[in-house]
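Q: Before anything else, here's the structure in question.
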Amino acid sequence: MARAALFDVDGTLTDTNHLHVVAWWEAFRQAGHTVAMRDIHRAIGLGSADLVAHCLGEDRDSGGDEDISAAHSALYGTYFNRLAALNGARDLLYALHERGRRIVLATSAGGFELDALRRAIDADDVIAGVASADDVASGKPAPDPVLHALDIAGCDADDALFVGDSVWDMKAATKAGVRAIALLSGGIPRDDLEAAGATAVYADPADMLAHLDGEVLAGEE
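In this note's numbering, the protein residues as written are 1 to 221.
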């Protein structure tokens, strides 16, 4: 049976969470809403529609949701040629691939945004596929994106690990029955990640790579 390593992208492999926060903050401001950056930060990792609902509440006038999401996309798009991978991200993917893991990305990004993220990571030759939020009925924290990533990898939940940086990532992986590993590189506190299901927490991809054989993959044949 195949083994897999499933990865969130924003805040996990790329240093992009705070760019999203600024873009969402400005998109909300343009639409006449004042939303604290800390609240937006906590919502990063949700799909666009869910993020807007999370930040503005279910009792909002949802007629402007699409315009807010479109404004965020346009604002965030100005950063595409400057997106940066986190320290050790590329090396971690290659190391896992060399140890027999099929690499699948599970992200809400698509189109030009996904292209820009993949350029930043620079590891296309070891990425087996991408599970996009557009391919499933519900995004994180529902397990659907993780389950779709497992299908792409051709792997059972017991033979996979999921790496993410948000509470939503940890909840989605846990619901899918996949071992959840958290990185602090997205800016979410350790306690919150552990409470959401993280079985191990590392500072960033480089830190996880440093512990790959001694802890992360310990006991594997």
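Note that CB positions come from ideal geometry on N, CA and C, so glycine has one too.
Taking C-beta to C-beta, are A133 and G47 nearer than 8 Å?
A: Locating residue 133 in the sequence shown gives position 133, where the first residue counts as 1. Locating residue 47 in the sequence shown gives position 47, where the first residue counts as 1. The answer is yes: Cβ separation under 8 Å.
Q: Give the DSSP-derived three-state secondary structure of R190 in the structure shown.
A: Numbered from its first residue, the sequence shown carries residue 190 at position 190. DSSP places R190 in helix when its eight states are reduced to three.
Q: Under 8 Å between the Cβ atoms of L86 and P205?
A: One-based indexing of the sequence shown puts residue 86 at position 86. One-based indexing of the sequence shown puts residue 205 at position 205. Yes.
Q: When we look at the beta-carbon of H148 and count the other beta-carbons within 10 Å, is it buried (16 or more) or exposed?
A: Here the question's residue 148 lines up with position 148 in the sequence shown. Flag for H148 reads buried.
Q: Can you tell me where the beta strand (DSSP E) holding R101 begins and where it ends?
A: Stepping through the sequence shown from its first residue, residue 101 is reached at position 101. Start and end: R101 to T107.
Q: Could you check the C-alpha separation between D61 and V35 for me, to the nearest Å?
A: The count along the sequence shown starts at 1 and reaches residue 61 at position 61. The count along the sequence shown starts at 1 and reaches residue 35 at position 35. Distance between the alpha carbons of D61 and V35: 15 Å.
Q: Consult DSSP for T303 and reduce its assignment to one of helix, strand or coil.
A: What the structure shows of the chain is the stretch from 1 to 221, and residue 303 is not part of that stretch, so it cannot be assessed.
Q: Here's a check: name, in chain order, each residue in its chain whose Cβ is nearer than 6 Å to the Cβ of W24, leaving out the five neighbours to either side.
A: Counting from one through the sequence shown, the residue named residue 24 turns up at place 24. Hits under 6 Å: I40 and H72.
Q: So does the stretch 137–144 actually touch the stretch 9–28, counting three or more Cβ pairs closer than 8 Å?
A: no
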